[in-house]
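**Student:** Sharing a structure with you now.
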Amino acid sequence: MGDQTYLSKVLNKAKPYLAIISLQFGFAGMYILSTISLKHGMSNFILTTYRHVVATVVIAPFAIVL
2 MGDQTYLSKV LNKAKPYLAI ISLQFGFAGM YILSTISLKH GMSNFILTTY RHVVATVVIA
62 PFAIVL
């Protein structure tokens, strides 16, 4: 029983760090996709539009529920 409380305390303290790490991976992935798309001739305006549409689709359920 004591191990579970210790583990939950460690995970609660690690949440901000895990969130920042996942955010950095997201930024890196978006940078790679953007670079590849732009090198293959995609317009900056279309890329921006797609990014906003995807962000809206991902965030909208959280906005509705919360």
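Counted the way our numbering counts, the sequence shown spans residues 2 to 67. For every residue, glycine included, the Cβ atom is placed at its ideal position computed from N, Cα and C.
What are the start and end residues of the alpha helix (DSSP H) that includes L48?
**Tutor:** Reading the sequence shown from its first residue, position 47 is the one you call residue 48. From DSSP, the alpha helix (DSSP H) with L48 extends over 45-66.
**Student:** Please report the distance separating the alpha-carbon of I33 from that of H41.
**Tutor:** Within the sequence shown, residue 33 is the residue found at index 32, counting from 1. Within the sequence shown, residue 41 is the residue found at index 40, counting from 1. Going from the Cα of I33 to the Cα of H41 covers about 12 Å.
**Student:** Between the C-alpha atoms of M31 and I65, what's the straight-line distance to the nearest angstrom?
**Tutor:** Translated into positions along the sequence shown, residue 31 becomes position 30. Translated into positions along the sequence shown, residue 65 becomes position 64. Approximately 25 Å, taken between the alpha carbons.
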